[in-house]
Ligand code: FCB
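Residue numbers (our numbering): 55 to 529.
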């Protein structure tokens, strides 16, 4: 890491990118043979998503992808991270791939390659076929096997891809979706969420196996959201609670992948919940822990944990105690929702503290692996608006991004093998349970007309990419 004229320069070859996901941007939910996913069902269930929004049209990227490709080219990114919709490829789960669905992604990939942009597809970003959910979804081992079929189809049929990712944030789908009911499929079942955790990891292993045999020349990895959690105090109870939650967010994923075993404290904790980790079968851990080529890290902000019942101590330590998490396991999780006064927050209510990203990256290197890391998502929602001159100025987002890139630069300086950075998101889009009420894009989307307006952060990022340098936020 070089610092010249007050600017941090990134290593030559550092990958600059932006990210999106299929259900959040594509729309066209009933076109070219696509069948419903769990997010279609969930978003069409009244009361589940803010304002009862859904992804039926979203950014209409399915029809406007050429325009979006031109925006990517204008931005000058090296790589574009997107996800493939399983039900466009295998509408009936079994059987051959659906040509019309495959054609969409072939056109998208060709359009990227024509513009000199590397495609980074994610095979699964939460849009499970509803027909598999009807048989238990990720709580059912069969889903992992069917994922293996689907992974083989996309690997065989989509050409020109150097890097593949199996999963995006399986924690979120397993725990917010199956455990806490906040995301699709909206179940409240801790034992089911633990079983889903294992089946996600198993499916990842099957995806890696398929990639090694079908595309041995390609790199394969996955993206995790590794919660960076701090204990609210040095009280042993709070430290234990922090370790407990860290086990669920981070160790339960990283240990199997990089060490081939689940953490013993997590196996013990989830033993009373059926089926939980009783679904592990011989040979699974070997599949899960096959070497991968890179790890994607999504980071938005750190969190703080106190033991349950410690509201008073949290207040004494300077924290506002937020609402208790909607978590049926909360007694055991022993976590309180906390907010740090005086610390800035995004429109999601998430605390902004880029030091957490630096600490997380160093921890991955120290505790787990030295394989190449990519920040596959980092970004923030703010209250953007189109001003009277028709522009969208988003200085808070630029500041957020600068601070996090500085944390990346510092991590590289400290020996972290960080190879690239993707902003979430290229476009404003359907923000899951928050519907269209939260905007993460560096491009504004007018949902009535489909019009795109690059925000100031887009122009800022374009300059940064061209220079491969960052003027640190606090310099
Ligand atoms: C991540 C998701 C992504 C987006 C951001 C804000 O958890 O992977 O789709 O919603 O959060």
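Every residue, glycine too, gets a C-beta built ideally from N, C-alpha and C. Note that the structure is a prediction, hence the values are computed from the model and not measured.
Rounded separation between residue i and residue j - CA only
i           : j           : result
residue 240 : residue 97  : 10 Å
residue 485 : residue 432 : 14 Å
residue 529 : residue 132 : Its pLDDT being 46, under 50, residue 529 is placed unreliably in this model, and the coordinates cannot settle the point.
residue 405 : residue 103 : 23 Å
residue 334 : residue 138 : 28 Å
residue 263 : residue 344 : 8 Å
residue 473 : residue 314 : 25 Å
residue 178 : residue 254 : 10 Å
residue 443 : residue 507 : 12 Å
residue 65  : residue 228 : 36 Å
residue 323 : residue 330 : 10 Å
residue 157 : residue 73  : 21 Å
residue 451 : residue 500 : 19 Å
residue 338 : residue 226 : 22 Å
residue 213 : residue 126 : 20 Å
residue 122 : residue 361 : 46 Å
residue 497 : residue 415 : 28 Å
residue 272 : residue 366 : 53 Å
residue 516 : residue 70  : 10 Å
residue 482 : residue 448 : 13 Å
residue 174 : residue 298 : 33 Å
residue 349 : residue 420 : 15 Å
residue 332 : residue 195 : 12 Å
residue 183 : residue 77  : 12 Å
residue 446 : residue 216 : 35 Å
Enclosing beta strand (DSSP E) for residue i [first to last residue]
i           : result
residue 116 : Segment 115-129 is the alpha helix (DSSP H) holding residue 116; no beta strand (DSSP E) there.
residue 70  : 69-73
residue 283 : 283-285
residue 431 : 427-432
residue 63  : 61-63
residue 499 : 497-499
residue 473 : 472-478
residue 133 : 133-137
residue 447 : Premise fails: residue 447 is in no beta strand (DSSP E) and is neither H nor E.
residue 358 : 357-359
residue 175 : 172-178
residue 349 : 348-352
Residue i CB to nearest heavy atom of the ligand FCB below 6 Å
i           : result
residue 225 : no
residue 75  : yes
residue 478 : yes
residue 464 : no
residue 108 : no
residue 432 : no
residue 222 : yes
Burial state of residue i, where buried means 16 or more other Cβ atoms lie within 10 Å
i           : result
residue 220 : buried
residue 249 : buried
residue 91  : buried
residue 369 : exposed
residue 511 : buried
residue 460 : buried
residue 318 : exposed
residue 56  : Any answer about residue 56 is weak, because its pLDDT of 49 lies below 50 and its placement is not dependable; what the coordinates show is given next. Exposed, because fewer than 16 other Cβ atoms sit within 10 Å of the Cβ of residue 56.
residue 295 : buried
residue 80  : buried
residue 468 : exposed
residue 186 : buried
residue 356 : buried
residue 148 : exposed
residue 441 : exposed
residue 509 : buried
residue 456 : buried
residue 503 : exposed
residue 105 : exposed
residue 439 : exposed
residue 437 : exposed
residue 278 : buried
N- and C-terminal bounds of the alpha helix (DSSP H) containing residue i
i           : result
residue 155 : 153-168
residue 416 : 409-421
residue 325 : Segment: none, residue 325 is in no alpha helix (DSSP H) and carries neither H nor E.
residue 246 : 244-268
residue 208 : 195-211
residue 507 : Looking at the DSSP string, residue 507 is not in any alpha helix (DSSP H); the run it does join, the beta strand (DSSP E), is 506-508.
residue 340 : 338-342
residue 95  : 92-97
residue 293 : 290-300
Any chain C beta carbon closer than 7 Å to residue i
i           : result
residue 274 : Included in the structure is just one protein chain, with no chain C present.
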